[in-house]
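Note sheet for the following structure.
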Amino acid sequence: MRLLFILIGLVSLSACAQPLPNELSPVQFDSVLRADTQVSLLDVRTDEEFGGGYIENAVNIDFYADDFTKQASALPKDKKILIYCLSGGRSAKAAAQLRESGYEVKELKGGMAAWRAASMPVEGGIAQVKQLDKSREKFLSELDSNVLYLVDFNAKWCLPCRQLLPIVERLDSLYADELVVKKVDFDTHRQLASDFQVEGLPYIMLIKNGIVVWTNFGLPTEEELKKAIESHR
């Protein structure tokens, strides 16, 4: 029965050589994935949602991540992007941003909920994340010289990280003219965390001129962070 649906989808996509709509039904979405090898499949849900099941070969970039735009820009522009979230809201916003950047984007109408309802195949159930991680060298190469960076490795499941968040936000405001805060999701950037030898959370680094000048594992006080920033500003 599913094969019949796929064949119908292929026929409907090719009929009259009409361009594809921006929103595709699960059957159409699946048909394009099978027929076109030159596509990037993008899942913009959270790590936890992705870990609960995803479409085969999807790359996971959380739409709510602070650096979503930068991560997404690593996708090749010569490939069409097929995008989805849980129900279509986040993917629609992400698709709009990507189109403004010059990408051709097609959305899964109804998102993962519609995909599951159509009995389409789902991979995982345990996090098997394929993400656009980066190396230490690439991360450092993206930083400006003569700027002090506070890099905050965190995770949604980390309670001390949530306790640290308001402190980091206050310092970001206090030193707005001389400090740049970069929040790094540990689950998304495991390679980067490994390269920086981050073995626990929270983990804070101060970086200047491509050099790590200060680190802290655990929950620091606001005064400890201020002292470190003042020493390297």
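Following our numbering, the numbering of the sequence shown begins with 121 at its first residue and continues without gaps.
The beta carbon of each residue, even a glycine, is placed where N, CA and C say it ideally should be.
| query | result |
| --- | --- |
| Val225: first and last residue of the uninterrupted alpha helix (DSSP H) it sits in | From DSSP, Val225 is part of no alpha helix (DSSP H) but of the beta strand (DSSP E) over Val225 to Leu228. |
| Check whether Ile327 and Tyr269 have beta carbons under 7 Å apart | yes |
| Ser160 - containing alpha helix (DSSP H), residue span | No alpha helix (DSSP H) holds Ser160; the beta strand (DSSP E) holding it covers Val159 to Asp163. |
| Segment contact flag, the region 224-244 with the region 140-149, C-beta cutoff 8 Å, min 3 pairs | yes |
| Among Val271, Leu285, Trp334 and Tyr295, nearest to Val304 - alpha-carbon criterion | Val271 |
| Alpha carbon of Leu291 to alpha carbon of Ala237, nearest angstrom | 46 Å |
| Segment contact flag, the region 276-295 with the region 260-267, C-beta cutoff 8 Å, min 3 pairs | no |
| Cα-Cα separation between Gly172 and Ser207, rounded to whole angstroms | 15 Å |
| Ile287 in three-state terms, based on DSSP | helix |
| Exposure label - Ser223; buried when at least 16 CB within 10 Å | Rather than Ser, the amino acid found at residue 223 in this sequence is Tyr. Under this definition Tyr223 is a buried residue. |
| Cα-Cα separation, Ser160 to Tyr174 | 14 Å |
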